[in-house]
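Numbering (the working numbering), first residue to last: 1 to 310.
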């Protein structure tokens, strides 16, 4: 008869489990250290947003000013223009860019020739790996006064137009370039979700006489609905945050009216003018608003359906 108590048995089982999972734990250790040091550890620097930071005095020696910089940003004459431009661009991305990877994944999944699917996937992924600098250089070259796109449109319309200096054209250029760069890569997660759908459902639908369109509508789309919802929630959470690299490389003084967003303003104020406290306050404001947006969207998703982030 074993004399070990239940507590000792649990401890031995726990130790055995750790020994068996040692390689998985080792693989998990490095990402954990990365997040602790560069994500959570770096959050201590957020205190700069509440201080008048001085490089000489350091973070903890700088004078405490409370919410001064948050109030300053809310009263900034550029505030509403920055928020408007950021939200408008993100809304346009949701309307025009977000559905493209879904449609692409459905089209690829419906094609029965395996080699053709692989070829299309490879070609559609490739733009994602082109650097932002190269993409912006390509756009600038094609839309310059003697660029290929400009010359083609001139031959069709008979008019020469400077697209790179048109504030309204900037958003169109940005959205099209984002679709070109991210559509193929974004379809990966939907293709993975489609592979998880039971093939028996399609076979049963074919026996019942359902067309390919009805199979997509009633099997494929419902099968990836939860993934679409989660991706949409994450996109809504980034409504006040947008990558500044492409905008920074594409915009000019003439397009500031529609191209200047919170991220580019943050770059100019925090790095170019060395106003680190103000820049940190703007960044923290973005983070708080993103958290509120994704929480509200998640709550709405839970009421509408069963899919949510938490």
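The beta-carbon is built from N, C-alpha and C at its ideal position, and this holds for glycine as well. These numbers come from a predicted model, not from an experiment.
Check                                                                                                                                                                         : Outcome
Pull the bridge partners of residue 51 from the DSSP assignment, please.                                                                                                      : 64
Given a cut-off of 8 Å on the beta-carbon distance, is the pair residue 236 and residue 293 in contact?                                                                       : yes
Can you check whether the CB of residue 51 is closer than 8 Å to the CB of residue 65?                                                                                        : yes
Figure out for me which residue from 279, 205, 129, 117 has the closest Cα to the Cα of residue 180.                                                                          : 129
Which residue or residues does DSSP assign as beta-bridge partners of residue 321?                                                                                            : One cannot answer for residue 321 here, as it falls past the ends of the chain, which runs 1 to 310.
Helix, strand or coil, according to DSSP, for residue 120 in the structure here?                                                                                              : helix
Buried or exposed: where does residue 49 fall if 16 or more other Cβ atoms within 10 Å of its Cβ makes it buried?                                                             : buried
Helix or strand or just coil, what does DSSP make of residue 218?                                                                                                             : helix
Does the distance from the CB of residue 165 to the CB of residue 255 come in under 8 Å?                                                                                      : yes
Assess contact between the segment 237 to 253 and the segment 284 to 300, defined as three or more Cβ pairs (one per stretch) separated by less than 8 Å. Is contact present? : yes
Using a 10 Å radius around the Cβ and a threshold of 16 neighbouring Cβ atoms, would you call residue 286 buried or exposed?                                                  : buried
Using CA atoms only, rank isn't needed, just tell me which of 278, 229, 261 is closest to residue 300.                                                                        : 229
CB-CB under 8 Å to residue 97, same chain, minus the five flanking residues each way: which ones, in chain order?                                                             : 175, 178, 179, 182, 183
Unbroken alpha helix (DSSP H) runs of length 4 or more, entirely within the segment 271 to 310: which are they?                                                               : 276 to 304
Distance, Cα to Cα, residue 20 vs residue 218?                                                                                                                                : 44 Å
Does DSSP classify residue 181 as helix, strand or coil?                                                                                                                      : helix
Is DSSP giving residue 224 helix, strand or coil here?                                                                                                                        : coil
Does the distance from the CB of residue 59 to the CB of residue 80 come in under 8 Å?                                                                                        : no
Could you check which residue in 282, 247, 303, 268 has the C-alpha nearest to that of residue 89?                                                                            : 247
For residue 137, which of helix, strand or coil comes out of DSSP?                                                                                                            : helix
Rounded to whole angstroms, what's the CA-CA distance from residue 171 to residue 244? Just pull it up for me.                                                                : 14 Å
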